[in-house]
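My numbering puts the first residue of the sequence shown at 535, with every later residue one more than the last.
Just so it is clear, CB atoms sit at the ideal spot from N, CA and C, and this is done for glycine as well.
Below: one structure, written as structure tokens.
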Amino acid sequence: MAERVEIFEVGPRDGLQNEPRNIPATEKVALIDLLSTAGFRRIEVASFVSPKWVPQMADGAEVLAAIKRVPGVSYAALTPNLRGYAGAKAAKADEIAIFASASEGFSRANLNASIAQSLERFAEVAGAARDDGMRMRGYVSCVTDCPFDGEITPDAVARVVAALRDLGAYEISLGDTIGRGLPERMNVMLGAVLDEMPAEQLAGHFHDTAGRALENVEVALGRGLRVFDGAVGGLGGCPYAPGAAGNVGTEALDAHVRGLGYVTGLDVAVVAQAAQMARELRGAHA
Ligand code: HMG
Ligand code: MG
Numbered sequence: 535m536a537e538r539v540e541i542f543e544v545g546p547r548d549g550l551q552n553e554p555r556n557i558p559a560t561e562k563v564a565l566i567d568l569l570s571t572a573g574f575r576r577i578e579v580a581s582f583v584s585p586k587w588v589p590q591m592a593d594g595a596e597v598l599a600a601i602k603r604v605p606g607v608s609y610a611a612l613t614p615n616l617r618g619y620a621g622a623k624a625a626k627a628d629e630i631a632i633f634a635s636a637s638e639g640f641s642r643a644n645l646n647a648s649i650a651q652s653l654e655r656f657a658e659v660a661g662a663a664r665d666d667g668m669r670m671r672g673y674v675s676c677v678t679d680c681p682f683d684g685e686i687t688p689d690a691v692a693r694v695v696a697a698l699r700d701l702g703a704y705e706i707s708l709g710d711t712i713g714r715g716l717p718e719r720m721n722v723m724l725g726a727v728l729d730e731m732p733a734e735q736l737a738g739h740f741h742d743t744a745g746r747a748l749e750n751v752e753v754a755l756g757r758g759l760r761v762f763d764g765a766v767g768g769l770g771g772c773p774y775a776p777g778a779a780g781n782v783g784t785e786a787l788d789a790h791v792r793g794l795g796y797v798t799g800l801d802v803a804v805v806a807q808a809a810q811m812a813r814e815l816r817g818a819h820a
């Protein structure tokens, strides 16, 4: 029987957070409602971060209140601190994600904190999540390259992975935040990370600036990873990672892994429709 690969849809969060146009909550909800019918098990739909930092995500509570929740789909939200956690919990997010960086430069730019300070904040969030029985995912950004610090060592990534594991993250998503990771370096990084966390609890989160995200997916598949984050329409980027392009497009990722013989369980026609809708939200009308 064909092996399964899960695509974790992050478009409504990572795809839209970087858009300059103020996208109304109703349009976000329409995209999420369509995505909910595509066969995803997990969709990241909101961030409970400072609206001063990411204005596009300020309406997370409104979005979570308005979506039509499909049983079996987990609706996820990013939480940078306890305040964000309280917001996500009140809005009935099904799971949360904490997001650290393997590089000091990006940690400061994205969270206004050193890696160590950010982990202290995340420990508070993790404690609250544990008490509430809330599922918590972790991200590590800049797993090969940082827009500020340059190349990142595999050891630095493995250390942060271990820290998030110890905080109770059920899965850790490895972010090539600026989409410049070379497959050879991705492979070495994965070797170091796998000493800390098994492949079944790791995911790949590859932005596609240099057009090598799918090659990096293949490297990660070779290392045993079976979960990859994608954004319909390939939208997005991080406002605090200069020059970063969008995530690998879900539709391209789906086609690629199917071509390699994996099953994703996604409805190709619905994913294509959602990709078109996502591009229109941006105003690109591609
Ligand atoms: P700060 O300025 O150091 O914190 O930001 P602060 O405590 O001084 O707060 C500043 C203001 O924000 C205050 O408001 C707080 O109340 C408010 P004021 O008193 O000035 O009116 N505030 C909040 N409001 C709502 N919700 C909250 C919250 N917290 C504070 N949770 C902080 C520190 C962490 C808040 C800020 O740096 C932040 O929000 N950062 C998030 C940046 C972000 O969302 N980046 C994009 C997501 S990460 C990403 O895309 C990478 C990823 O995709 C993986 C990859 O690709 O690698 C996940
Ligand atoms: Mg990202």
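Burial state of alanine 820, where buried means 16 or more other Cβ atoms lie within 10 Å: With a pLDDT of 38 at alanine 820, under the threshold of 50, the predicted position of this residue should be treated as unreliable, though the coordinate-derived value follows. It is exposed - the Cβ of alanine 820 has fewer than 16 other Cβ atoms within 10 Å.
6 Å CB neighbourhood of glutamine 735 in its chain, flanking five on each side removed: Glu705
Beta-bridge pairing of isoleucine 541 - partner residues as DSSP gives them: Phe762
Beta-carbon gap between valine 539 and phenylalanine 682 smaller than 8 Å: no
Terminal residues of the alpha helix (DSSP H) in which arginine 746 lies: Taken as a continuous stretch (DSSP letters only), arginine 746 belongs to no alpha helix (DSSP H), as it is neither H nor E.
Cutoff 7 Å; reference proline 717; Cβ partners in own chain excluding five residues on either side: Arg746, Glu749, Asn750, Val753
Stretch-stretch touch, CB-based, cutoff 8 Å, three pairs: the stretch 644-656 with the stretch 599-611: no
Three-state class that DSSP yields for glycine 639 in the structure shown: helix
Contact test: aspartate 548 Cβ vs ligand 2 heavy atom, cutoff 7 Å: yes
Bounding residues of the alpha helix (DSSP H) (the contiguous stretch that carries glutamate 561): 559-569
Rounded C-alpha distance that separates methionine 670 from alanine 631: 5 Å
Contact check, isoleucine 601 vs phenylalanine 574, beta carbons under 8 Å: no
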